[in-house]
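Asker: Shown below is the structure under consideration.
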Amino acid sequence: MITSKVDEKKLRFWKELYEKKSKFLKPNRISGSDLNTYFQDKYPTQKYDNERFKEVVHLNSKEHFHENAGNINDIVAYTLNGDIYVGIDLKTGFFHIESEDVSKSIPIYDDLFITRGLSKEDIQNYVIVGQFLELKEL
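According to the numbering used here, the sequence shown is numbered sequentially starting from 18.
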């Protein structure tokens with residue numbers, strides 16, 4: 018999860034990872050439904066029936082996935098510990114996390130990012146691949 022300005026050194030690091038290892042990567046992205054199942058199994062979730070939050074998740078999913086995005090009914094939302102909010106698009110696998118304390122959301126974001134895997138399109142993006150590989154190697 019990028020939480021601060023990315024400098025040239027970090028971009029070079031991600032690009033080097035990409036150049037060394039991207040040829041060995043194959044698309045392994047799981048479905049939004051499978052990501053949701055994983056999330057519910059791993060974390061103590063409570064349903065979060067907030068239409069405004071679901072709309073935010075839906076609009077962000079549409080921005081990233083355009084015509085492949087689901088509709089608002091494909092969005093499921095949860096709260097963890099009452100202060101972390103997670104929305105998942107069951108159709109695309111897009112997820113969105115909010116918390117006033119970003120340090121609480123980073124490990125969840127990173128876990129879902131790694132678990133979701135990479136699509137064919139993701140593998141063409143050295144920033145996404147670099148982040149993915151960096152997290153996998155930690």
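Ideal Cβ placement from N, Cα and C applies to all residues, glycine included.
Bear in mind that the values here come from a model prediction, so they are computed numbers and not experimental data.
Figure out for me which residue from Val-103, Lys-59 and Ser-48 has the closest Cα to the Cα of Val-73.
Answerer: Val-103
Asker: Give the straight-line distance between the Cα atoms of Asp-91 and Leu-107, rounded to the nearest whole angstrom.
Answerer: 5 Å
Asker: Locate the beta strand (DSSP E) running through Ser-116, then write down its first and last residues.
Answerer: 112-116
Asker: Across which residues does DSSP place Glu-102 in a beta bridge pair?
Answerer: Note on identity: in this sequence residue 102 is Tyr, with Glu being the wrong assignment. Tyr-102 is bridged by DSSP to Thr-96 and Glu-115.
Asker: Can you check DSSP and say which residues form a bridge with Lys-64?
Answerer: Tyr-95
Asker: Only counting the same chain, and skipping five residues up and downstream in sequence, which positions put a Cβ closer than 7 Å to that of Ser-48?
Answerer: Gly-110
Asker: Can you look up Asp-139 in the DSSP assignment and give me helix, strand or coil?
Answerer: helix
Asker: My output table needs one value for Gly-87: the three-state DSSP class, helix, strand or coil.
Answerer: coil
Asker: If you measure between the beta carbons of Gly-147 and Lys-32, is that distance less than 8 Å?
Answerer: Against a cut-off of 8 Å, the Cβ pair of Lys-32 and Gly-147 comes out as a contact.
Asker: Taking three-plus beta-carbon pairs below 8 Å as touching, is the stretch 122-130 in contact with the stretch 21-28?
Answerer: no
Asker: Considering only the alpha carbon of each residue, which of Glu-138, Tyr-143, Thr-132 and Leu-152 lies closest to Tyr-55?
Answerer: The alpha carbon of Tyr-55 has as its nearest neighbour, out of Glu-138, Tyr-143, Thr-132 and Leu-152, the alpha carbon of Thr-132.
Asker: Does the distance from the CB of Lys-79 to the CB of Ala-94 come in under 8 Å?
Answerer: no
Asker: Considering Phe-56, what are the terminal residues of the alpha helix (DSSP H) in which it resides?
Answerer: 49-59
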